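Here is the structure we will look at, set down as structure tokens.
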Amino acid sequence: ITTNPTILVKEKCNRQTAINRILEHTDKQVFVQTVGFTYEEILADARMLLATFGKEKIAIKIPAHEAGINVIDTLKKEDKTIQILGTAIYSADQAIAAALAGADFVAPYVNRMSAANIDPFKEIAGMR
Numbered sequence: 028i029t030t031n032p033t034i035l036v037k038e039k040c041n042r043q044t045a046i047n048r049i050l051e052h053t054d055k056q057v058f059v060q061t062v063g064f065t066y067e068e069i070l071a072d073a074r075m076l077l078a079t080f081g082k083e084k085i086a087i088k089i090p091a092h093e094a095g096i097n098v099i100d101t102l103k104k105e106d107k108t109i110q111i112l113g114t115a116i117y118s119a120d121q122a123i124a125a126a127l128a129g130a131d132f133v134a135p136y137v138n139r140m141s142a143a144n145i146d147p148f149k150e151i152a153g154m155r
């Protein structure tokens, strides 16, 4: 189960309320995406999410751009047991950078790659 900030905004749903509702209906880990654009904003949001919900219940979803990859690195250096998903992956290089920073999972965006005339299957083969 994963959350997406854009969808929550579109649905006019408070993120914390949505996460609590999801957690009430599952004993599985929920992937929660951070918000923010800068290293500081993303890191602060990730820390708030972990403090609020606990690393046993949530995994942190972080966009794998430059600031996000640096946040992944910081969080993993602080606590290797935090589960992190590098999201918004468009290339093998980006997935590999996220993994090297410590991401446990990556989420390639197949539809968006196709729309951008990127061969998603070639990129995913490179990721593997």
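Be aware that the sequence shown starts at 28, since it is given in my numbering, and climbs by one per residue. Every residue, glycine too, gets a C-beta built ideally from N, C-alpha and C. Computed from a predicted model, the values in this text were never measured in an experiment.
(request) Note down, one range per segment and in chain order, each beta strand (DSSP E) of at least 3 residues found wholly within the stretch 108-135. (result) 111-116 and 132-135
(message) Is the beta carbon of T61 closer than 9 Å to that of L76?
(response) For the purposes of this step, residue 76 is identified with residue 49 of the sequence shown, where counting begins at 1. For the purposes of this step, residue 61 is identified with residue 34 of the sequence shown, where counting begins at 1. Contact flag set, yes.
(request) For I85, write down the residues that DSSP places opposite it in a beta bridge. (result) Against the sequence shown, residue 85 aligns to sequence position 58. Looking at the DSSP assignment, I85 forms a beta bridge with V57.
(request) Keeping to the same chain, check which residues put their C-beta closer than 6 Å to that of I109; ignore five residues upstream and five downstream. (result) The residue you call residue 109 lines up with position 82 of the sequence shown. K82 and L102.
(message) Comparing C-alpha positions only, which one of A143, I116, A134 and I145 sits nearest to T29?
(response) Locating residue 29 in the sequence shown gives position 2, counting from the first residue. Cα-wise, what sits closest to T29 is A134.
(message) Could you tell me the alpha carbon to alpha carbon distance between H25 and H52, rounded to whole angstroms?
(response) For the chain, the structure presents residues 28 to 155; residue 25 sits outside this window and is missing.
(request) Tell me whether T65 sits in a helix, a strand or coil according to DSSP, three-state version. (result) Within the sequence shown, the letter at position 38 stands for residue 65. Here T65 sits in coil by DSSP.
(message) Just to confirm before moving on: does the CB-CB distance between E68 and Y117 stay below 9 Å?
(response) Here residue 68 refers to the residue found at position 41 of the sequence shown. Here residue 117 refers to the residue found at position 90 of the sequence shown. The answer is no: Cβ separation not under 9 Å.
(message) Mapping the DSSP letters down to three states, classify T30 as helix, strand or coil.
(response) Here residue 30 is taken as the residue at index 3 of the sequence shown, counted from 1. It is coil, neither helix nor strand.
(message) How far does the alpha helix (DSSP H) with I145 in it extend, from its first residue to its last?
(response) The sequence position of residue 145 within the sequence shown is 118, counting from 1. Neither: I145 is in no alpha helix (DSSP H) and is coded neither H nor E.
(request) Can you grab the Cα-Cα spacing for the pair E50 / T79, in whole Å? (result) The count along the sequence shown starts at 1 and reaches residue 50 at position 23. The count along the sequence shown starts at 1 and reaches residue 79 at position 52. Here the sequence assigns Leu to residue 50, which means Glu is not the residue at that position. For L50 and T79, the distance between alpha carbons rounds to 12 Å.
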